[in-house]
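Worksheet: the structure to be examined is printed underneath.
Residue numbers (my numbering), protein chains in the order written: chain L, 1 to 88; chain R, 89 to 373.
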């Protein structure tokens with residue numbers, strides 16, 4: 001939590017981009033493929049932004065990259081599961 | 089047992105100060121599991137429709153009853169089921185599936201009124217509401233009533249007749265249910281009331297082979313829509329809480345780890361959860 005004050009700009013930027021992406025995805029409810037595409041774009045941004053942030057703070061490592069990729073992929077996979085299987 | 093739970097959900101020496109559920113191997117296992125279910129789910133649903141599937145309960149009679157109930161609340165006369173309008177609605181639903189579109193007017197310019205006239209129903213007023221992807225009559229009527237244009241159609245004093253089509257088919261490669269509601273009146277003198285095409289559409293279009301029937305009902309033992317949504321939200325909440333607890337404990341113990349920021353993951357997974365939670369079941373047009 002202590003990382004929040006010193007990275008306030010980073011977290012606010014991340015939150016704003018993610019929230020805009022989610023709103024866009026929700027507004028594209030007429031096309032689930034488009035919805036999923038937007039979620040993929042959000043995830044790619046989240047992964048790259050996170051990695052870039054660690055890189056700039058000189059605490060990046062393969063382990064960090066893998067963690068962002070895994071968490072991002074898991075979030076994306078859960079959305080895909082609901083979009084593909086949760087509706088008629 | 090408690091020790092095992094602590095090992096899975098709390099950072100401590102036994103898990104190298106990172107909750108086991110957040111280890112890469114566990115995250116990867118979850119990912120593979122979720123993807124496997126996503127890929128195989130359609131096969132399961134097709135193979136065991138009585139056990140796993142989506143619960144559907146939409147019938148013309150229930151739509152009529154719900155519509156007339158709303159009209160009665162406003163002191164309006166009930167609408168009568170009309171076979172010509174029902175046939176027109178069926179034709180429209182079939183047309184949307186066959187031409188793979190979801191709109192009031194087809195890409196080739198065909199309007200809803202073409203389908204009504206083709207049945208021989210000579211209207212002075214006509215209207216259309218469309219809905220797509222809903223699984224219950226109440227949800228369809230609720231969505232229409234919450235939309236000013238659709239509500240206006242349903243509560244209009246200009247209509248006397250109504251017809252529904254509830255059709256299952258494939259639209260844009262996606263299995264879905266279309267509900268088409270056609271409203272009309274052929275008894276009002278044209279001289280007294282200018283012919284008015286009251287257009288209100290609620291639905292989505294696509295291509296496919298559909299069975300136009302007056303009702304679609306199915307009640308599998310497990311309903312995948314509810315189960316999947318609930319399950320995914322549960323998984324997300326578990327991960328978010330674990331990340332949060334992990335963050336707090338590590339902050340307090342001042343443990344130094346070279347890992348990514350938990351707050352990033354919490355933000356991302358929370359918004360993914362919000363998206364899944366808000367996802368609507370159906371659309372109107």
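Glycine included, C-beta positions come from ideal geometry on N, C-alpha and C.
Check: If you draw a straight line from the alpha carbon of residue 118 of chain R to that of residue 78 of chain L, how long is it in whole angstroms?; Outcome: 10 Å
Check: Quick check: the segment 41-51 of chain L against the segment 219-227 of chain R, are there 3 or more CB pairs under 8 Å?; Outcome: no
Check: Buried or exposed, going by whether 16 or more other CB atoms sit within 10 Å of the CB of residue 192 of chain R?; Outcome: buried
Check: Of all the options R/180, R/271, R/362 and R/111, which has the alpha carbon lying nearest to the alpha carbon of residue 211 of chain R?; Outcome: R/271
Check: Interface residues of chain L around residue 107 of chain R at Cβ under 7 Å?; Outcome: What residue 107 of chain R touches in chain L: nothing, since even the nearest Cβ is about 13 Å away.
Check: When you compare only the Cα positions, how much space is there between residue 284 of chain R and residue 266 of chain R?; Outcome: With a pLDDT of 43 at residue 284 of chain R, under the threshold of 50, the modelled position of that residue is not reliable, and no figure is offered here.
Check: Along the chain, where does the beta strand (DSSP E) containing residue 239 of chain R start, and where does it finish?; Outcome: First-last for residue 239 of chain R: 236-242, but that is the alpha helix (DSSP H), not the beta strand (DSSP E).
Check: Does the Cβ-Cβ distance between residue 202 of chain R and residue 155 of chain R come in under 8 Å?; Outcome: no
Check: Anything in the segment 201-229 of chain R with a Cβ closer than 8 Å to a Cβ of chain L? List those residues in chain order, please.; Outcome: 221 and 223
Check: I'd like the span of the alpha helix (DSSP H) that includes residue 204 of chain R, first residue to last.; Outcome: 200-206
Check: Taking Cβ to Cβ, would you say residue 64 of chain L is nearer than 8 Å to residue 54 of chain L?; Outcome: yes
Check: For the segment 256-263 of chain R and the segment 164-178 of chain R, state whether three or more C-beta atom pairs, one from each stretch, are separated by less than 8 Å.; Outcome: no
Check: Out of curiosity, what's the CA-to-CA distance linking residue 335 of chain R and residue 59 of chain L?; Outcome: 17 Å
Check: Along the chain, where does the alpha helix (DSSP H) that runs through residue 160 of chain R open and close?; Outcome: 148-161
Check: Quick check on DSSP: helix, strand or coil for residue 248 of chain R?; Outcome: coil
Check: Would you say residue 325 of chain R reaches chain L, if we count a Cβ-Cβ gap shorter than 8 Å as a contact?; Outcome: no
Check: Would you identify the three-state DSSP class for residue 269 of chain R, choosing helix, strand or coil?; Outcome: strand
Check: Residue 236 of chain R to residue 213 of chain R, Cα distance in whole Å?; Outcome: 18 Å
Check: When the Cβ atoms of the segment 193-200 of chain R are set against those of the segment 119-131 of chain R, are three or more pairs found closer than 8 Å?; Outcome: no
Check: Within the 8 Å Cβ cut-off, does residue 52 of chain L reach chain R?; Outcome: no
Check: Round the Cβ separation of residue 36 of chain L and residue 83 of chain L to the nearest angstrom and send it over; I've been treating them as touching at under 8 Å.; Outcome: 6 Å
Check: Buried or exposed for residue 251 of chain R, going by 16 or more other Cβ atoms inside 10 Å?; Outcome: buried
Check: Leaving out five residues before and five after residue 357 of chain R in sequence, what residues of the same chain have Cβ atoms less than 8 Å from its Cβ?; Outcome: 324, 327, 328 and 331
Check: Round the Cβ separation of residue 347 of chain R and residue 100 of chain R to the nearest angstrom and send it over; I've been treating them as touching at under 8 Å.; Outcome: So it is not a contact: roughly 15 Å between Cβ atoms.
Check: Thinking C-alpha only, which one of R/242, R/337 and R/361 is nearest residue 160 of chain R?; Outcome: R/242
Check: Terminal residues of the continuous beta strand (DSSP E) containing residue 10 of chain L?; Outcome: Element bounds for residue 10 of chain L: not the beta strand (DSSP E) but the alpha helix (DSSP H), 8-27.
Check: Among the candidates R/135, R/115, R/190 and R/196, whose CA atom is the shortest distance from the CA of residue 75 of chain L?; Outcome: R/115
Check: Kindly say whether residue 34 of chain L, judged by its beta-carbon, lies nearer than 8 Å to any beta-carbon of chain R.; Outcome: no
Check: Would you mind telling me which residues of chain R sit closer than 8 Å to residue 84 of chain L, beta carbon to beta carbon, in chain order?; Outcome: 126, 129 and 130
Check: Just to confirm, are residue 249 of chain R and residue 168 of chain R a CB contact at a threshold of 8 Å?; Outcome: yes
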